[in-house]
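*Asks:* For our numbering, count along the sequence shown from 1 and bump the result up by 301. We put the beta carbon where it would ideally sit given N, CA and C, even for glycine.
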Amino acid sequence: MCFQNAEFEDLSAEVSNLREISETAFSELKKNELQFTTSVKKLKTTEFQLDEALSKMKDLQTKINDLEEEVVRERSRALELEQRINSPPVMSFENIDNLSNISSSPPISAPSYIPNRVFCDNCDVFDEHDTESCPVGSSPGGIRHGGHRGLSGRPYCSVCEMFGHTAAECEDDMTF
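This is the structure we're talking about:
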């Protein structure tokens, strides 16, 4: 019995030892499971962030390509404009006929006809009637324009066509 007792004690100690080892292993397993779950969550978050980053990168690459195309177009346009500035245009009869296509200004139209205003010399009035249809000028008394008709105070010579003497007093012997 002593032998059985010692064997029993040894087996009890070994069971206790194995229980401690199993508890330690079980706690390690729980700890590793928790780390694994945390790592999986981090991996999924990182994978989502990577997908978003790749999507943004594709969008940015598309924008870069569009901008590069725009730069190429603008460079070719700048070269074309520089060539147009540096080289004088070649004029021909066809170019002269198409000058309206070259200019960006609107075409020049012929001026429209503006009728003359009607004016009456007798009444000194615009836009009512003209001199020929003047009601005052066609009256029996008519209109007098300036001064007295008839002889003036100055003598006039019809022979030499000079003022200061008459034809009877003219000393000019030459007749015309």
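(1) Going by C-alpha to C-alpha distance, which of D425, C421 and A469 sits closest to E433?
(2) How about V419 and D428: are their beta carbons less than 8 Å apart?
(3) State the Cα-Cα distance for the pair T346 and Q384, rounded to the nearest angstrom.
(4) G448 by DSSP, collapsed to three states: which one?
(5) For F309, which residues of its own chain have a beta-carbon under 7 Å away from its beta-carbon, when the five flanking residues on both sides are left out?
(6) Would you kindly work out how many angstroms separate the C-alpha atoms of C471 and P456, rounded to a whole number?
(7) Does DSSP put V426 in a helix, a strand or coil?
(8) Which same chain residues end up closer than 8 Å to M506 when comparing Cβ atoms and leaving out the 5 residues on each side of it in sequence?
(9) Around the Cβ of F477, are there at least 16 other Cβ atoms within 10 angstroms (buried) or fewer (exposed)?
*Replies:* On the basis of the coordinates in this document:
(1) For E433, the closest of D425, C421 and A469 by C-alpha to C-alpha distance is C421.
(2) yes
(3) 56 Å
(4) Confidence in G448 is poor, its pLDDT being 48 and thus under 50, which makes the residue's placement unreliable; the coordinate value appears in the next sentence. It is coil, neither helix nor strand.
(5) none
(6) 11 Å
(7) It is a strand residue.
(8) A question about residue 506 goes unanswered here, because the residues of the chain that appear run from 302 up to 477.
(9) Reliability of the predicted coordinates at F477 is poor, the pLDDT of 49 falling under 50, and the value obtained from them is presented with this limitation in mind. Exposed, by the Cβ-count rule.
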